[in-house]
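In the working numbering, the protein residues as written are 31 to 339. In what follows, a single structure is set out as structure tokens and then discussed.
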Amino acid sequence: MSSHTNIQKGYLLRDFKAYLLLEKGLSPNTWSAYLNDVRKLWDYVEESGTSITDVSADDLHNFAATLHDLGISPRSQARIISGIKAFFKYLTLEQLIDNDPSIYLEAPTLGAHLPEVLTVEEIDNMIRAIDVASSEGERNLAIIETLYSCGLRVSELVNLRLQNIYREDGFIVVIGKGNKQRVVPISHTALNYIDDYLKNTRGNVPAKSGDEDIVFLNRRGGRLSRVMVFYIVKNLCEIAGISKNVSPHTLRHSFATHLLEGGANLRAIQMMLGHESITTTEIYVHIDRSRLRSEILEHHPRYANKNHK
């Protein structure tokens, strides 16, 4: 970090502290925690070469997902997000940024020991809410089914590549956190929806340079952002009349919960979620794939229902 950046950071945090103390009237413990939280975010975005005043909503959702995946408690996540929201409100008030990227950043619900989970019926209602005749309908159908039947993080979904879909074997190769690869079973339902999307819709959209191999594209031919998938899920829940606090990560939680409730081996679920430190696919192939696949085929409702498309 350059000395100029350090000076800018110091001035901005000093002024933010004054805002919290004088205008918000926060206690020393609270404003001190907020400053630490903003420093965490600042370090995070600088690692990707982004200026704090150029942070996007997508950057903030990535940061929030990192907090979750690091195992930080919901209460601590909520406080960190509260501090970040206060910071961007301050930047907006001072006209240092034009738009507040934290406006759609949601804190985890407190008081519940378990994350929100959808029932199979609610997920089916979401799918029925999709207008498959629309230009994005087939894509969104494939997105929801892939999120749920594979238990993917939203970042893994938007970066899924065509070359990493192995239809004959019923697997996809997923690039997870830290560029770690893992092999995840994918249902015939999801594969059918992906095939329909590729055949009928995606081919009509010229892919942007560098995104030619990306499965899910926006209407301009670029890969989807995390925030766009968030909007898709939220909109479908609203149409389906689902009042729960749902995000793309909810489908991942639902995947794991339904497997666990069905009696799947916890070790297999952990591997499918990518919670193990698997550094390369070459290491992963030593795991018994047939056993791993049998766990999901036997216990996940999408795989058990052979009559579902």
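A virtual CB, placed ideally from N, CA and C, is assigned to each residue, including glycine.
Can you give me the start and stop residues for the alpha helix (DSSP H) that Pro104 sits inside?
Locating residue 104 in the sequence shown gives position 74, where the first residue counts as 1. Element bounds for Pro104: 104 to 123.
Within 10 Å of its beta-carbon, does Ile114 have 16 or more other beta-carbons around it, so buried, or fewer, so exposed?
Counting from one through the sequence shown, the residue named residue 114 turns up at place 84. Result: buried.
Does DSSP classify Ile216 as helix, strand or coil?
The residue given as residue 216 occupies position 186 in the sequence shown. The answer is coil: DSSP assigns Ile216 none of H, G, I, E or B.
Among Glu166, Asp226, Arg253, which has the Cα closest to the Cα of Leu190?
Counting from one through the sequence shown, the residue named residue 190 turns up at place 160. Among Glu166, Asp226, Arg253, the Cα nearest to that of Leu190 belongs to Arg253.
Please state whether the Cβ-Cβ distance between Glu76 and Val276 is less than 8 Å.
By 1-based counting over the sequence shown, the position of residue 76 is 46. By 1-based counting over the sequence shown, the position of residue 276 is 246. The answer is no: Cβ separation not under 8 Å.
Return yes when at least one heavy atom of the ligand ATP lies under 7 Å from the C-beta of Lys115, else no.
This structure lacks the ligand ATP, and indeed carries no ligand of any kind.
Applying the criterion that 16 or more other CB atoms from any shown protein chain within 10 Å of the CB defines a buried residue, is Ile224 buried or exposed?
Mapped onto the sequence shown, residue 224 falls at position 194. So Ile224 ends up on the buried side.
How many angstroms separate the CA atom of Lys264 from the CA atom of Ile272?
What you label residue 264 is simply residue 234 of the sequence shown in a count that begins at 1. What you label residue 272 is simply residue 242 of the sequence shown in a count that begins at 1. So the two alpha carbons sit approximately 9 Å from each other.
For Ala48, does the count of other Cβ atoms within 10 angstroms reach 16, so buried, or fall short, so exposed?
Within the sequence shown, the letter at position 18 stands for residue 48. Residue burial is scored here from C-beta neighbours: Ala48 has fewer than 16 other C-beta atoms within 10 angstroms and is therefore classed as exposed.
If you follow the beta strand (DSSP E) that Phe201 is in, where does it begin and where does it stop?
Position 171 of the sequence shown, counted from the first residue, corresponds to residue 201. Run containing Phe201: 201 to 205, per the beta strand (DSSP E) assignment.
Who are the Cβ neighbours of Ile317 in its own chain at under 6 Å, not counting the five residues just before and after it?
Residue numbering aside, residue 317 sits at position 287 when the sequence shown is read from its first letter. Because the pLDDT at Ile317 is just 31, under 50, the model does not fix this residue reliably, and the point stays unresolved.
Use the C-beta contact count for Ile133: other C-beta atoms within 10 angstroms, 16 or more gives buried, fewer gives exposed.
Translated into positions along the sequence shown, residue 133 becomes position 103. If you draw a 10 Å sphere on the C-beta of Ile133, you find fewer than 16 other C-beta atoms in it, and that means exposed.
Does Asn170 pass the burial test, meaning 16 or more other C-beta atoms within 10 Å, or should it be called exposed?
As a first step, residue 170 must be located in the sequence shown, where it is residue number 140. Flag for Asn170 reads buried.
Please state the DSSP three-state secondary structure of Arg191.
Within the sequence shown, numbered from 1, the residue matching residue 191 stands at position 161. Looking at Arg191 - three-state DSSP - the assignment turns out to be strand.
From which residue to which residue does the alpha helix (DSSP H) around Lys264 run?
Numbered from 1 along the sequence shown, position 234 holds the residue referred to as residue 264. Note, Lys264: alpha helix (DSSP H), 256 to 270.
Pairing CB atoms from the stretch 279 to 294 with CB atoms from the stretch 219 to 234, are three or more of them under 8 Å?
At 8 Å Cβ cutoff, the stretches do not touch.
The alpha helix (DSSP H) that contains Glu76, what's its start and end?
For this step, residue 76 is matched to residue 46 along the sequence shown. It spans 58 to 77 - the alpha helix (DSSP H) in which Glu76 sits, taken as one unbroken run.
Roughly how many angstroms lie between the CA atoms of Leu192 and Leu52, to the nearest whole one?
Residue mapping note: residue 192 aligns to position 162 of the sequence shown, counting from 1. Residue mapping note: residue 52 aligns to position 22 of the sequence shown, counting from 1. Leu192 and Leu52: Cα-Cα distance of roughly 54 Å.
Looking only at its chain, what residues have a beta carbon closer than 6 Å to the beta carbon of Val235, apart from the 5 residues adjacent to it on each side?
Against the sequence shown, residue 235 aligns to sequence position 205. So the qualifying residues of the chain are Leu247, Gly251.
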